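Chemist:
Numbering (this note's numbering), first residue to last: 3 to 200.
#1: Should residue 23 be labelled buried (16 or more other beta-carbon atoms within 10 Å of its own) or exposed?
#2: Tell me, please, whether the stretch 89-99 touches the stretch 62-76 by the rule of three or more beta-carbon pairs shorter than 8 Å.
#3: DSSP state of residue 61, grouped into three classes?
#4: Using 8 Å as the Cβ pair cut-off and three pairs as the minimum, do the stretch 69-81 and the stretch 37-54 touch?
#5: So, is residue 154 buried or exposed, given that buried needs 16 or more other C-beta atoms within 10 angstroms?
#6: So, using beta-carbon positions, are residue 162 and residue 128 closer together than 8 Å?
#7: How is the alpha helix (DSSP H) around residue 169 delimited, first residue to last?
#8: May I have the straight-line CA-CA distance separating residue 47 from residue 112, to the nearest angstrom?
#9: Hey, out of 28, 17, 152, whose CA is closest to residue 189's CA?
#10: Can you tell which of 200, 185, 60 has the C-alpha that lies nearest to the C-alpha of residue 33?
#11: In terms of alpha-carbon separation, which member of 150, 175, 169 lies closest to residue 69?
#12: Taking the C-alpha atoms as reference points, what is the distance between residue 164 and residue 196?
#13: Using the Cβ count rule (16 or more neighbours within 10 Å means buried), how would you classify residue 97?
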């Protein structure tokens, strides 16, 4: 039955999403070695995807394989935004605390978020510019690839917005008083040695 095919496909997709989400959380914890930082990053990533889907739905785009492909391609930029922003804020908070600064935590978080924004926004604009020709394609190719490009562009626009609004709020809630010493994952020295040998 065609309905059976759809049901099996949806079950497979949901299973893959759960497995992927679990793997992302495990890898974030292993590499960042701080459950609060991992929790913030693991919250930002699905939130960006959900908001992207809502924006696509608002513009009348239905979910299909090409839209999902665009989101999958954009996940790299989304993950980068989430981790870079959180790590920079936490690093700055530690530096200011070690120096005995009396600046309010909210000011440090805001300054640290703005500090990396220019580089990330420029990178996002360059990535989006590479997809501009797709929007001018016509015929079957245009109809096929435009949803992919549209999903990618919207996700790369939503990601900096989340990084400027939700990320600082979560950092203020969960990391307003981080430990002054950085906790380094025990996997990183091993990976550095393996990388140096290669």
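By construction, the Cβ of each residue, glycine as well, lies at the ideal position given by its N, Cα and C atoms.
From a predicted model like this one, the values you see are computed outputs, not experimental measurements.
Modeler: Quick answer:
#1: With fewer than 16 other CB atoms across the displayed protein chains lying within 10 angstroms of its CB, residue 23 is exposed.
#2: Too few Cβ pairs lie closer than 8 Å, so no.
#3: Residue 61 falls in the coil class under three-state DSSP.
#4: Verdict: yes, contact present.
#5: Looking at its Cβ environment, which holds 16 or more other Cβ atoms inside 10 Å, residue 154 is buried.
#6: Not in contact: residue 162 and residue 128 (Cβ atoms no closer than 8 Å).
#7: Residues 141-176.
#8: If you draw a straight line from the Cα of residue 47 to the Cα of residue 112, it comes to about 20 Å.
#9: Ranked by Cα distance from residue 189, the options 28, 17, 152 are led by 28.
#10: If we check each option's Cα against that of residue 33, 185 comes out closest.
#11: When each option's Cα is compared against that of residue 69, the closest is 150.
#12: So the two alpha carbons sit approximately 35 Å from each other.
#13: Looking at its Cβ environment, which holds fewer than 16 other Cβ atoms inside 10 Å, residue 97 is exposed.
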